[in-house]
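First comes the structure, then the notes that go with it.
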Amino acid sequence: MTTTLPDPDAGLVERLCAGDPLAASDFCVAHLNALVEQLRRSYPTAHEHALSEAAEDALLAFVKNPQAFDPARGTVAGYLRMAAKADLINIQKKEARHHRDRTGADCVEDAPDPRNELVDEADGPSFADHGLAAVIAGFTDVERLFFDLMRDGEKRTQVLAVVLGLADAAPAEQTTQVKKMRDCLIKRLQRRRDGP
Amino acid sequence: MSAALDHLAERVKSDPWFLAHPLAEYARSAGLDDVALAAKLGCAVADLTAVRLCRAPQPDTFRADLTVVAECFGLNLFSLLAAVQHGTGLARLREGTQAGADAGWQIAAQDRETPG
Numbered sequence: 013m014t015t016t017l018p019d020p021d022a023g024l025v026e027r028l029c030a031g032d033p034l035a036a037s038d039f040c041v042a043h044l045n046a047l048v049e050q051l052r053r054s055y056p057t058a059h060e061h062a063l064s065e066a067a068e069d070a071l072l073a074f075v076k077n078p079q080a081f082d083p084a085r086g087t088v089a090g091y092l093r094m095a096a097k098a099d100l101i102n103i104q105k106k107e108a109r110h111h112r113d114r115t116g117a118d119c120v121e122d123a124p125d126p127r128n129e130l131v132d133e134a135d136g137p138s139f140a141d142h143g144l145a146a147v148i149a150g151f152t153d154v155e156r157l158f159f160d161l162m163r164d165g166e167k168r169t170q171v172l173a174v175v176l177g178l179a180d181a182a183p184a185e186q187t188t189q190v191k192k193m194r195d196c197l198i199k200r201l202q203r204r205r206d207g208p
Numbered sequence: 251m252s253a254a255l256d257h258l259a260e261r262v263k264s265d266p267w268f269l270a271h272p273l274a275e276y277a278r279s280a281g282l283d284d285v286a287l288a289a290k291l292g293c294a295v296a297d298l299t300a301v302r303l304c305r306a307p308q309p310d311t312f313r314a315d316l317t318v319v320a321e322c323f324g325l326n327l328f329s330l331l332a333a334v335q336h337g338t339g340l341a342r343l344r345e346g347t348q349a350g351a352d353a354g355w356q357i358a359a360q361d362r363e364t365p366g
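In C-alpha cells, the structure reads:
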C-alpha cells in the first residue's frame, strides 16, 4: 500500500479558488524564487530574462485559474515546474524565430544551437552514464521536454503532441509524429548505450 | 522580498487582475514614487511588492477585500480605499475613452463606406 503525502500547497490553492485577495501574493512569494532557481539549475544556458518570464508566466496562469490544477495528477510544485518548462520552451522558440537562427524541431541529429542548448542538471543524475548524459544534453529544447515527459511516464499521445506543437492536428497525425519522436529519441539513446 | 518578486510586481502593474494596477494608476496620477506611495498607504516600501501582488478587489466585495489586505499589511484602510477607488476610476476612464475612440473610428469608417 502506498501512502500519498498531502501537498503542502493545498491550502494556498483552496484560498486561490475561494477568491482570497491575499492568496495570489502569498502564492507568488512562496513559489517564484524557487521556481526560477529550479529552471536556472535545469537550463543553465538559458537567458536570465527568459527564465524569469517563464516562471512568471507559469505563476500568473496558475493564480488566475487555479481550477485547472488537478491535485490527483501531482503536486503544485510539479505542475508549476512542468508549466514553466513549457513556457520557457515557447519563449525560446519565439526568440529563435525572431533571430531566424533555428531550423525547427525536426527529429534530426543536427548539432544543437549552443544558444538554445538546454542541459538539465537537476534531472541528470538518473542517467549516470556520461555518454547518455551527453546525448540528453544534445537534445533540442522540444526533444528535452518530450523526453522529460516520457521519463515521467507520460504515455498519452494528445499530451505529447502538444509538446510537438500539434495540439490541433488530426489524431492520426499526432500518433504518427509522437511515435516518430519517441522512436527517434530511444534510438539515439540506444545507439549511444550499445556503441563503442 | 527579492528582485524576482519586485520584477513580477512591476510586470503586473498593467494587469487589472492585480492590486498593482489601480495602485499604479493612482500613483501615476498623484505623482507618487514608491517611497511616497508607501507613506501614503502607511507601510514600508519593502511591503509594496507583496501588496501589489494581491488580487484586485472584486466589485461586490470591494471594501471587504481591501480590509483584508489592509489588516494583513498594516495599511491605513481609508488611504488604501481612496487610492484603489481613484486608480480604478482612472483605469475605467482610460478604457472607456479608448473604447469610445475605437467606436468613433468605426462609425467614421462606416460613414465613409456607406455612400449618401
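Top to bottom, those sequences are chains A and B. Numbered according to my numbering, the first sequence spans residues 13 to 208. Numbered according to my numbering, the second sequence spans residues 251 to 366. Built from N, CA and C at the ideal position, the CB exists for glycine as well.
Suppose contacts are defined by Cβ-Cβ distances below 9 Å. Is residue i in contact with residue j by that definition?
i, j, result
"A/D19", "A/P78", "no"
"B/N326", "B/G292", "yes"
"B/E275", "B/T338", "yes"
"A/V154", "A/R204", "no"
"A/A179", "A/Q189", "no"
"A/S37", "B/V301", "yes"
"B/L258", "A/L92", "no"
"A/R31", "B/R305", "Just to set this straight, residue 31 of chain A is Gly in the shown sequence, not Arg. Taking 9 Å as the Cβ cut-off, A/G31 and B/R305 qualify as a contacting pair."
"A/V75", "A/A22", "no"
"A/M162", "A/R200", "no"
"A/L28", "A/A42", "no"
"B/A286", "B/A294", "no"
With distances taken Cα to Cα, identify the nearest neighbour of residue i among the options.
i, options, result
"A/F39", "A/E26, A/E49, A/R53", "A/E26"
"A/K105", "A/A66, A/Y91, A/T87", "A/A66"
"A/E68", "A/R200, A/A46, A/T187, A/A80", "A/A46"
"B/L303", "A/L44, A/L63, A/L172", "A/L44"
"A/G177", "A/K167, A/V88, A/M162, A/F158", "A/F158"
"B/R342", "B/R305, B/D265, B/A289, B/V295", "B/D265"
"A/A145", "A/H110, A/E185, A/A95, A/L197", "A/L197"
"B/D297", "B/S329, B/L316, B/D256, B/P309", "B/D256"
"A/E209", "A/V41, A/A80, A/H61", "The structure shown does not extend to residue 209 of chain A, since chain A is modelled only from 13 through 208, so no value can be given for it."
"B/L273", "B/D310, B/L330, B/C322, B/A289", "B/L330"
"B/K290", "B/P309, B/G324, B/Q308", "B/G324"
"A/T57", "A/R168, A/A149, A/H110, A/K192", "A/A149"
"A/A35", "B/F328, B/D315, B/E345, B/L340", "B/D315"
"A/A95", "A/H111, A/R109, A/D160, A/K167", "A/D160"
"B/K263", "B/T299, B/A254, B/A288", "B/T299"
Buried or exposed for residue i, please, with buried defined as at least 16 other CB atoms from any protein chain shown within 10 angstroms of its CB.
i, result
"A/P33", "buried"
"B/S382", "The question about residue 382 of chain B has no answer here: the residues shown for chain B are numbered 251 through 366."
"A/Q202", "exposed"
"A/D206", "exposed"
"B/T364", "Its pLDDT being 48, under 50, B/T364 is placed unreliably by the model, and the measurement read from it follows with that caveat. B/T364 is exposed by the Cβ-count criterion."
"A/S64", "buried"
"A/A123", "Low per-residue confidence applies at A/A123: pLDDT is 43, beneath 50, and the placement is therefore not dependable, though the value from the model is reported in the following sentence. A/A123 comes out exposed."
"A/F151", "buried"
"B/T311", "exposed"
"B/P307", "buried"
"A/G116", "With a pLDDT of 49 at A/G116, under the threshold of 50, the predicted position of this residue should be treated as unreliable, though the coordinate-derived value follows. A/G116 comes out exposed."
"A/V175", "buried"
"A/L172", "buried"
"B/R344", "exposed"
"A/R156", "buried"
"A/Q186", "buried"
"B/A320", "buried"
"A/F81", "buried"
Just checking: is the beta-carbon of residue i within a distance shorter than 9 Å of some beta-carbon in chain D?
i, result
"A/N45", "This model lacks chain D altogether, as its protein chains are A and B."
Check whether the segment 48-61 of chain A touches the segment 93-108 of chain A, counting contact only when three or more Cβ pairs, one atom from each stretch, lie closer than 8 Å. yes
Evaluate contact between the segment 320-335 of chain B and the segment 263-281 of chain B, counting only Cβ atoms and requiring at least three cross-stretch pairs below 8 Å. Yes: at least three Cβ pairs fall under 8 Å.
Alpha helix (DSSP H) runs contained entirely in the segment 283-323 of chain B, provided each spans 4 or more residues: 284-291, 298-302, 312-323
Which complete alpha helix (DSSP H) runs does the segment 31-89 of chain A hold, if anything under 4 residues is left out? Those alpha helix (DSSP H) runs which fall completely within the segment 31-89 of chain A and span 4+ residues are 35-54, 60-76.
Contiguous alpha helix (DSSP H) assignments of at least 4 residues, all confined to the segment 145-178 of chain A: Correct list: 153-163, 169-175.
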